[in-house]
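The numbers in the UniProt record's numbering rise by one with no breaks, and the one at position 21 of the sequence shown is 21. We treat Cβ as the ideally placed atom computed from N, Cα and C, and that holds for glycine. Predicted model, so just to flag it, every value in this text is computed and none were measured. Here the structure is laid out as structure tokens; the discussion comes afterwards.
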Amino acid sequence: MASLKSQDCGSICQLALFLLAVVAGISIITLGLTMNSKYSPRTQKQPLVIRLNSFSVSDLNVSNSISGANWDAMLLFGNRHSYFEISVEGFESFVYYYHQDALSCALVESIHLGPKKQKLVQIKFNASGCGGGEQPFVEERVLKEIKRDGDNGTLHLGLMLNFQASYRKGPWSWVYWLKAKCTDLDVVFETGPGAGMMIGDEPRACSVPLLKNTTAVINAISIAVLVLRCCHENFRQPTGLGTHHGNMESNAPSPVSKTSREEIL
């Protein structure tokens, strides 16, 4: 009788723990939804600011090939918010002609910005900028257009940065794929053959649109599912009484053959 009461008590306790885990899981999901709707970067002004401070080119020879040209961009990455930490994964950046044809690329190392912090990043586009000596292929048509514009003294260029950025607030994070663009860059050749500098307003604001994201909600659901799974596995484990009962069964006399009985006697 006492054993049955102990078994019932253990089952009730496990059921209570499981229900508590369910409530905790629902609370975590609700908190994730609340955080996503209230603090997500999409609900406010883009925290990440990118400005182009300067842009120049040297050794540009469109008569032969532009692969030997050296493009130099100085950008400022800033975090305008007081509670987000922003991490930008390493990425590729491109110089574009009229925002359509890629002329050169470069690899950029990862960037971390604390709340209300900023960092200057220099990007050098050259023959080895993307690693392995590979650069975008430029069509003959584009080369002719660049030569024509260069003869007129001005090139119309743009920068494109494709990267993954995470916005973290405490244990919560939002991850976005971003495509930043610095457009309408007019480079004038005044300092010498094959050398030009950006004209116009400096620094130049670059557009950084936010893309759709549900990472915070997914993280909350994943945590809740993990909690429920752990509690469910514990709930299925046998109680101490069941183990004792199993031991009793294992201690019960097993059938013994006639030969074994004779040996015992």
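- Contiguous alpha helix (DSSP H) elements confined to the stretch 108-195 occur at 140-152, taking only those with 4 or more residues.
- A Cβ-Cβ distance of about 5 Å is found for the pair D59 and G194, placing them in contact under the 8 Å criterion.
- Residues of the same chain with a CB within less than 7 Å of the CB of K117, apart from the 5 flanking positions on each side, are N79 in chain order.
- The beta carbon of V188 is closer than 7 Å to those of G153, T154, G196, M197, I199 in its chain, skipping five residues each way along the sequence.
- Counting every other CB atom within 10 Å of its CB across the protein chains shown gives C206 a total of 16 or more, marking it as buried.
- At least 8 Å separates the beta-carbon of L20 from that of F77.
- Between the beta-carbon of Y83 and that of L157 there is about 36 Å, and that puts the pair past the 8 Å contact cut.
- The beta carbon of Q135 lies closer than 7 Å to those of S67, S104, C105, A127 in the same chain, with the five residues before and after it left out.
- Counting only the Cα atoms, S11 lies some 52 Å from G90.
- When secondary structure is reduced to three states using DSSP, I66 falls in the coil class, being assigned neither helix nor strand.
- Checking the DSSP bridge columns, you'll see R80 has no partner listed.
- Under a 10 Å Cβ-count criterion, W174 is classified as buried, with 16 or more other Cβ atoms of the shown protein chains found around its own Cβ.
- In the same chain as S87, and ignoring 5 residues on each side of it, the C-beta atoms closer than 8 Å to its own belong to S110, I111, H112, L113, A165, S166, R168, in chain order.
- Between L107 and C130, the beta carbon gap of about 6 Å places them in contact (Cβ cut-off 8 Å).
- With distances taken between CA atoms, P203 lies nearest to C182 out of E92, P209, C182.
- Assignment of L15 by DSSP, reduced to helix, strand and coil, places it in the helix class.
- Closest by C-alpha distance to N61, out of V138, P47, K147, is K147.
- Remark: C-beta atoms of N162 and K124 do not approach each other more closely than 8 Å.
- When the Cα atoms are used, S63 and K144 turn out to be separated by approximately 9 Å.
- Judged by DSSP in its simplified three-state form, V23 adopts helix.
- Taken through DSSP and simplified to helix, strand or coil, E85 comes out as strand.
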